[in-house]
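The numbers in the sequence shown follow my numbering, run straight up by one, and end at 387. Here a beta-carbon is modelled for each residue, glycine too, at the ideal position from N, C-alpha and C.
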Amino acid sequence: MKRISVFALSLIFSLAASAQTVKHAVIVPDIPGYVTLKGDMHLHTVFSDGTVWPCTRVEEAVLEGLDFIAITDHVELGLTKKIRDGFFNCDRNKSFEIARDFAKNCGVIVIHGAEITRGMPPGHFNATFINDSEALSAASASTKNHVEGMTAALREARRQGAFLVWNHPHWNRQAPNETVWRPEHSDIYAAGLMDGIEIFNHCDGYSPEAHHWAVERGLTIVSGTDAHKMLASRVDYLHGAFRPMNLVFATSRSEEAIHEALKAGRNAVFAEGKVYGDASLLAPLVDGILEIVSVTRHAKGVSIKIHNGSSIPVQLEKSGSTDYGYMRSITFPPGADFTLNVTPLDKGKKLDEPFSIGFKVMNFFVDAGVPLDYTIQVK
Ligand SMILES: [Zn+2]
Ligand SMILES: [Zn+2]
9 MKRISVFALS
19 LIFSLAASAQ
29 TVKHAVIVPD
39 IPGYVTLKGD
49 MHLHTVFSDG
59 TVWPCTRVEE
69 AVLEGLDFIA
79 ITDHVELGLT
89 KKIRDGFFNC
99 DRNKSFEIAR
109 DFAKNCGVIV
119 IHGAEITRGM
129 PPGHFNATFI
139 NDSEALSAAS
149 ASTKNHVEGM
159 TAALREARRQ
169 GAFLVWNHPH
179 WNRQAPNETV
189 WRPEHSDIYA
199 AGLMDGIEIF
209 NHCDGYSPEA
219 HHWAVERGLT
229 IVSGTDAHKM
239 LASRVDYLHG
249 AFRPMNLVFA
259 TSRSEEAIHE
269 ALKAGRNAVF
279 AEGKVYGDAS
289 LLAPLVDGIL
299 EIVSVTRHAK
309 GVSIKIHNGS
319 SIPVQLEKSG
329 STDYGYMRSI
339 TFPPGADFTL
349 NVTPLDKGKK
359 LDEPFSIGFK
369 VMNFFVDAGV
379 PLDYTIQVK
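The structure is reproduced here in structure tokens:
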């Protein structure tokens, strides 16, 4: 009897512990003129070769405080066999429809997408903001030739108004020795059938080649988890990790505004503590992350109290300034408070007037291997 009581008590405690919600919403500031919307552009479900129901993708997004997700099931894989085996009786739009309907009361925007899945070249492409996955499937299936099938599916997606992304160009299975931009990709790009490129895919990590191609060719950089299993199997939420995500700088919180922003290239990628994007977006983002709480002038110089209220760490290294003394290297983890002391190297000089001090942000990249130049303005 006593043993049962102890067991019952421990069960109650363990249930109470598991019922606690993990507070884990990602916090990213807006930048002037835009709201910052966080989202995942590449997700699979049981309707192709994934293992989770579409609602789970929405619940995962709620847990992480994401604003949007794209359901991008393969149009070639999985569903036909499941229909034939009697598991489902539906078409390829069903996974999006289930997620969209479930998300109506959750505040998560669900984008209708599909992954067109061919051999290399040209590999895999995501078409998002589409309205009919079946038409993409039919176009891809119209020929065994990979380039022709992909081009036909991309043209159909373009007809539907899609945003078109070359996925994981560095996927080991399709690019075993090196990441290569082939003539076939030039043809697709020249035909206006490539808007963006995945520079980060959770299965394959960061691709410096893809990042540089995006900068060179004016493609929107994109991140996708490409999750097939539940995300908790890959992301260490209990130790504060987040999935790789897109930071879309949109004019409003709507699907149309996300689409417009992606087409215009207003996207940054936040993945594994690093941020990738154009300097015009990243500099105001760092402004928003590093909140200057107070500026105190005193006999020796100036003390600047800075707070990082976001989920994004910032690593600064002194750069450019020879007139002032200040720490050469500073790391601001999420939630950090730090006081930066600045002294004039010319002892006779005072810091009464506004001045600026320069840094490189060592975990923010505007191109492959190129950190963001950043200036703190002291008023
Ligand atoms: Zn793929
Ligand atoms: Zn995929």
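Using the Cα positions of residue i and residue j, report the straight-line distance between them to the nearest angstrom.
i      : j      : result
Phe391 : Phe55  : The shown model of the chain, from 9 to 387, leaves out residue 391, and the question about it has no answer.
Arg166 : Leu172 : 8 Å
Ala291 : Asp331 : 23 Å
Pro261 : Asn254 : A small fix is needed here, since residue 261 is Arg in this sequence, not Pro. Looking at the two C-alpha atoms, the distance is approximately 14 Å.
Arg126 : Val155 : 8 Å
Asp38  : Ile91  : 44 Å
Gly333 : Gly366 : 11 Å
Arg336 : Leu324 : 8 Å
Ala99  : Ile35  : Correcting the residue identity first, residue 99 is Asp in this sequence and not Ala. So the alpha carbons of these two residues sit roughly 37 Å apart.
Val397 : Pro362 : There is simply no residue 397 to check, as the chain begins at 9 and stops at 387 in what is shown.
Phe250 : Gly281 : 9 Å
Trp221 : Asn113 : 39 Å
Arg190 : Gly131 : 11 Å
Ala69  : Gly356 : 56 Å
Ala307 : Leu353 : 14 Å
Gly157 : Ala33  : 40 Å
Val369 : Thr151 : 48 Å
Tyr214 : Gln182 : 16 Å
Glu263 : Val322 : 30 Å
Asp381 : Ala147 : 45 Å
Leu270 : Val256 : 7 Å
Lys358 : Thr351 : 9 Å
Considering Cα atoms alone, identify which of the options is closest to residue i.
i      : options                       : result
Ser302 : Leu74, Asp295, Gly248, Ser311 : Ser311
His219 : Glu206, Glu192, Cys211        : Glu206
Asp195 : Ala160, Gly115, Asn113        : Ala160
Phe76  : Lys89, Asn209, Asn97, His120  : His120
His50  : Thr88, Ala122, Leu71, Val43   : Ala122
Glu72  : Ser319, Phe208, Pro184        : Ser319
Can you pull the DSSP bridge partners for residue i?
i      : result
Gln385 : Ser364
Lys271 : None; Lys271 has no bridge partner.
Ile314 : Ile300, Phe346
Asn254 : Gly47, Val277
Glu206 : Val230
Asp354 : BP columns for Asp354 are empty, so no partner.
Arg305 : Val310
Pro379 : Phe373
Leaving out five residues on either side along the sequence, give the residues of the same chain with a beta carbon under 6 Å from the beta carbon of residue i.
i      : result
Gly204 : Val173, Leu227, Thr228, Val230
His315 : Glu299, Val301, Asp345
Leaving aside the five residues before and after residue i along the sequence, list all residues of the same chain whose C-beta is less than 7 Å from its C-beta, in chain order.
i      : result
Ala16  : Here Ala16 scores only 45 on pLDDT, less than 50, and its place in the model should not be relied on; the value that follows carries that caveat. Excluding residues within five positions, none has a Cβ falling inside 7 Å.
His267 : Phe137, Phe171
Pro40  : Pro292
Asp375 : His219, His220, Val223
Gln168 : Ile138, Asn139, Asp140
Only counting the same chain, and skipping five residues up and downstream in sequence, which positions put a Cβ closer than 8 Å to that of residue i?
i      : result
Gly377 : Pro216
Leu85  : Ser56, Asp57, Thr125
Lys237 : Gly58, Thr59, Val60
I'd like to know if the segment 271 to 285 and the segment 55 to 68 are in contact, where contact means that at least 3 CB-CB pairs between them fall below 8 Å. no
Given 8 Å, three or more beta-carbon pairs between the segment 232 to 245 and the segment 281 to 289: no
Whether or not the segment 61 to 74 and the segment 92 to 107 are in contact is what I'm after, with contact meaning three or more pairs of Cβ atoms, one per stretch, closer than 8 Å; do they touch? yes
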